[in-house]
Every structure is written in structure tokens, then in C-alpha cells.
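> Take this structure, written in C-alpha cells, and hold onto it; I'll ask about it next.
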Amino acid sequence: MAAPSDEEGAVGPRCHHRSTAMLDVPFLPFCAFLGTLGLLCVAMVGTWCQHWRGGFSLDGSSRTFNWHPVLMVMGLVVLYGAAALVYRIPHTWSGPKLPWKVLHGSLALGAFILTVLGLAAVFRFHNAQGTPNMYSLHSWMGLGTVLLFSCQWAAGFGAFLLPWAPAWLRALYKPIHIFFGSTILMLSVASCVSGINEKLFFSLKNGTMQYKLLPAEAVFANTLGLLILIFGVLVVAALARPSWKRPDSDSPDSRQPLLSAER
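Okay, so the sequence shown: first residue is 1 according to UniProt numbering, each after it adds one.
See the structure below:
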């Protein structure tokens, strides 16, 4: 069989390069889209609880429970996702890292505080109604995610923000921290999606509003779950993209004044 000519052989690389360029998305517009998607998720979960579930209160009723999905989506998914993407911003690639470390840790701490408040809301509701706690797969997954999140934040604070952590320990723990960052986000998404589904099964069960009949509330909440899933997948994809990773401190690229995200 005759070997392909140079012109024929170049078609493959050119097509591959063209397809790669077509899929290339600048980081900042991507972040703007992701931020809009995150705000949409928060707005939709708030609308769901306000319009279909009766609104919000602190009296131990079902309206107290409604704080739970709002705070969980806001903290454990959206704000946590924003914290995870801080080091992908091109402006973090030069200059001192301490301000960005503080921002990263502060966003994660804010997400953790919102998450704890969300847990407090559901426990208050269950205790007021005499409902057992921690019996469903959703509750096991959610609490496990929060516990892992708390360990992640404490370990990251000790390794990267406290001045006495040795360099070898930081280098050893860094890939572990990155891995569990993505893992916690996907567990958070899974917990939120399973919680939405569980709430729909519990709430839509009378003769006119059964879940299987797909009323408007079910369509709205199912759409919310899909958007939360898309948000989480896009954040993890951004974290995995090599061209958006901050160069190592010993890399020549890291000493450039500013790097574009499309490098």
C-alpha cells in the first residue's frame, strides 16, 4: 500500500488543530457563563421553594425546611465552585499568591457556613415534626460530603495558609487537595440532585399532583437538577483543562507578567 503524500498526511493534523481551535473557549467568558448559570440555579431553587413550597420561615414548619435546599445549592455547589476556580483566573498566575489563597479559603469558608446553616434548617424541621434524622441515602451522602468538606478546608488551611507548614508537606498534599476538591463538588451535586428528587417524591403524592403525572413543579425542579449537574460538570471540566492551570512556581511561564488563559 502506498504511503500517503505529505499533503494528504497533513490533512489529519490540520483538521485536528481546526477542531481543537473551534472547541477553545476563553476563560473569562466561560466564567461569566458559569456565574450566570450558578445564579440561575440559586434563583430557581428559591423560586421553587417560594412559589410551590410555601416560602420561608424559622418556625420549624416546612417553610423552615425550605432554607435547606436554597442554602445547600448556594453554598455547597455555587460558592464552592467559585472557590475552586479562583486559581484558574489568569491574574492569579503572577505576583504573590497569598491574597488569592485568602480569597480561595474565604469563599470555601463562606460555602461551609451556608452549608452548616442549611443542615441546621433541616434538623430543626425534622425535630419539630418528630421526623427521624439521617435515614435516607440522600442524608448519608449529604452529611458525608459536608464532613469531607470540613476536613478538606481544615487541611488546606493548615497546609497552605499557616506559615509553618514545610514546603515538602505542601507539595505532597497539593495533588490530594486538588483531587478531593473536585470529588467534593461532584458529591455536592449528587447530594443536591438526590435531595430534589426525594423532595418531589415526598411532596407530589396526592391524586391530582402525582410526580409520575409530571406537574409543573416536577418539570421545574427536574430542570433545576439538570442545571445543577451541568454547573458541576463544567466546573470540573475547567479544573481539568491543562491550559487553564496555574503554572508551577518553578516554571519559566510563571515568571511572565501575565499569561492568557488560551496559552
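The C-beta atom is built at its ideal place from N, Cα and C for all residues, glycine as well.
1) Using the C-alpha atoms, what's the distance from PHE220 back to VAL45?
2) How would you label ASN206, buried or exposed, when you count the other beta carbons within 10 angstroms and need 16 or more for buried?
3) When you compare only the Cα positions, how much space is there between GLY181 and GLY130?
4) Following the continuous alpha helix (DSSP H) through GLN50, name the residue where it begins and the one where it ends.
5) Name the two residues that bound the continuous alpha helix (DSSP H) containing PHE180.
6) Can you give the Cα-Cα distance for LYS245 and ASN197, rounded to whole angstroms?
7) Could you tell me the alpha carbon to alpha carbon distance between LEU58 and TRP164, rounded to whole angstroms?
8) Roughly how many angstroms separate the alpha carbons of ALA43 and ALA167, rounded to a whole number?
9) Could you tell me if PRO132 is buried or exposed, where buried requires 16 or more neighbouring beta carbons within 10 angstroms of its beta carbon?
10) Does the count of Cβ pairs from the stretch 77-90 and the stretch 50-69 closer than 8 Å reach three?
11) Could you check which residue in LYS97, THR92, GLY195 and VAL233 has the C-alpha nearest to that of GLY118?
12) Taking the straight line between their C-alpha atoms, what separation do you get for PRO247 and THR92?
13) Can you give me the Cβ contacts of ALA128 inside the same chain, cut-off strictly under 6 Å, excluding the 5 residues immediately before and after it?
14) Applying the 10 Å Cβ sphere with the 16-neighbour rule, what's the burial state of LYS212?
15) Would you kindly work out how many angstroms separate the C-alpha atoms of SER243 and VAL189, rounded to a whole number?
16) Could you tell me the distance, in whole angstroms, from the CA atom of LYS174 to the CA atom of GLY144?
17) For the alpha helix (DSSP H) holding SER106, just list the boundary residues, first then last.
18) Does DSSP put GLY95 in a helix, in a strand, or in coil?
19) Just to check my reading of the structure: VAL185 and LEU37 have Cβ atoms closer than 8 Å, yes? What is that Cβ distance to the nearest angstrom?
20) Looking at the secondary structure, which residues open and close the alpha helix (DSSP H) in which ALA159 lies?
21) So TYR87 is in the alpha helix (DSSP H); what residue range does that whole segment cover?
22) Please classify THR115: is it buried, with 16 or more other beta-carbons within 10 angstroms of its beta-carbon, or exposed?
23) Tell me the rounded alpha-carbon separation between PHE112 and LEU98.
24) May I ask you to report which of helix, strand or coil DSSP gives GLN152?
The answer reads as follows:
1) Residue numbering aside, residue 45 sits at position 45 when the sequence shown is read from its first letter. Residue numbering aside, residue 220 sits at position 220 when the sequence shown is read from its first letter. Distance between the alpha carbons of VAL45 and PHE220: 9 Å.
2) Translated into positions along the sequence shown, residue 206 becomes position 206. ASN206 is exposed by the Cβ-count criterion.
3) As a position in the sequence shown, residue 181 is number 181, starting the count at 1. As a position in the sequence shown, residue 130 is number 130, starting the count at 1. Taking the straight line from one Cα to the other gives about 35 Å.
4) Residue numbering aside, residue 50 sits at position 50 when the sequence shown is read from its first letter. Per DSSP, GLN50 belongs to the alpha helix (DSSP H) from 27-51.
5) By 1-based counting over the sequence shown, the position of residue 180 is 180. Here the alpha helix (DSSP H) through PHE180 covers 167-203.
6) Position 245 of the sequence shown, counting from 1, holds the residue named residue 245. Position 197 of the sequence shown, counting from 1, holds the residue named residue 197. LYS245 and ASN197: Cα-Cα distance of roughly 35 Å.
7) Here residue 58 refers to the residue found at position 58 when the sequence shown is read from its first residue. Here residue 164 refers to the residue found at position 164 when the sequence shown is read from its first residue. When rounded, the distance between both Cα atoms is 43 Å.
8) Taking the sequence shown and counting its residues from 1, one reaches residue 43 at position 43. Taking the sequence shown and counting its residues from 1, one reaches residue 167 at position 167. So the alpha carbons of these two residues sit roughly 42 Å apart.
9) For the purposes of this step, residue 132 is taken as the residue at position 132 of the sequence shown. It counts as exposed.
10) no
11) On the sequence shown, residue 118 is found 118 positions in, with the first residue counted as 1. It is GLY195.
12) The residue labelled residue 247 in the question sits at position 247 within the sequence shown. The residue labelled residue 92 in the question sits at position 92 within the sequence shown. PRO247 and THR92: Cα-Cα distance of roughly 10 Å.
13) Here residue 128 corresponds to residue number 128 of the sequence shown, with the count starting at 1. Excluding positions up to five away in sequence, the list reads GLY60.
14) Locating residue 212 in the sequence shown gives position 212, counting from the first residue. Classification for LYS212: exposed.
15) If you number the sequence shown from 1, residue 243 lands on position 243. If you number the sequence shown from 1, residue 189 lands on position 189. In a straight line, the C-alpha of SER243 is about 25 Å away from that of VAL189.
16) The residue given as residue 174 occupies position 174 in the sequence shown. The residue given as residue 144 occupies position 144 in the sequence shown. Whole-angstrom Cα-Cα distance: 22 Å.
17) Stepping through the sequence shown from its first residue, residue 106 is reached at position 106. Segment 98-129, the alpha helix (DSSP H) holding SER106.
18) In the sequence shown, counting from the first residue as 1, residue 95 sits at position 95. It is coil, neither helix nor strand.
19) Start at 1 with the first residue of the sequence shown, and residue 185 comes out as number 185. Start at 1 with the first residue of the sequence shown, and residue 37 comes out as number 37. Here residue 185 is Leu; the residue named in the question, Val, does not match the sequence. Contact flag wrong, Cβ pair sits at about 14 Å.
20) To locate residue 159, count along the sequence shown from 1; it is residue 159. Counting along the chain, ALA159 falls outside any alpha helix (DSSP H), and DSSP gives it neither H nor E.
21) As a position in the sequence shown, residue 87 is number 87, starting the count at 1. Counting along the chain, TYR87 falls outside any alpha helix (DSSP H), and DSSP gives it neither H nor E.
22) As a working mapping, residue 115 is identified with position 115 in the sequence shown. Burial call: buried.
23) Taking the sequence shown and counting its residues from 1, one reaches residue 112 at position 112. Taking the sequence shown and counting its residues from 1, one reaches residue 98 at position 98. Answer to the nearest angstrom: the Cα atoms are 21 Å apart.
24) The residue given as residue 152 occupies position 152 in the sequence shown. In this structure, GLN152 counts as helix in the three-state DSSP scheme.
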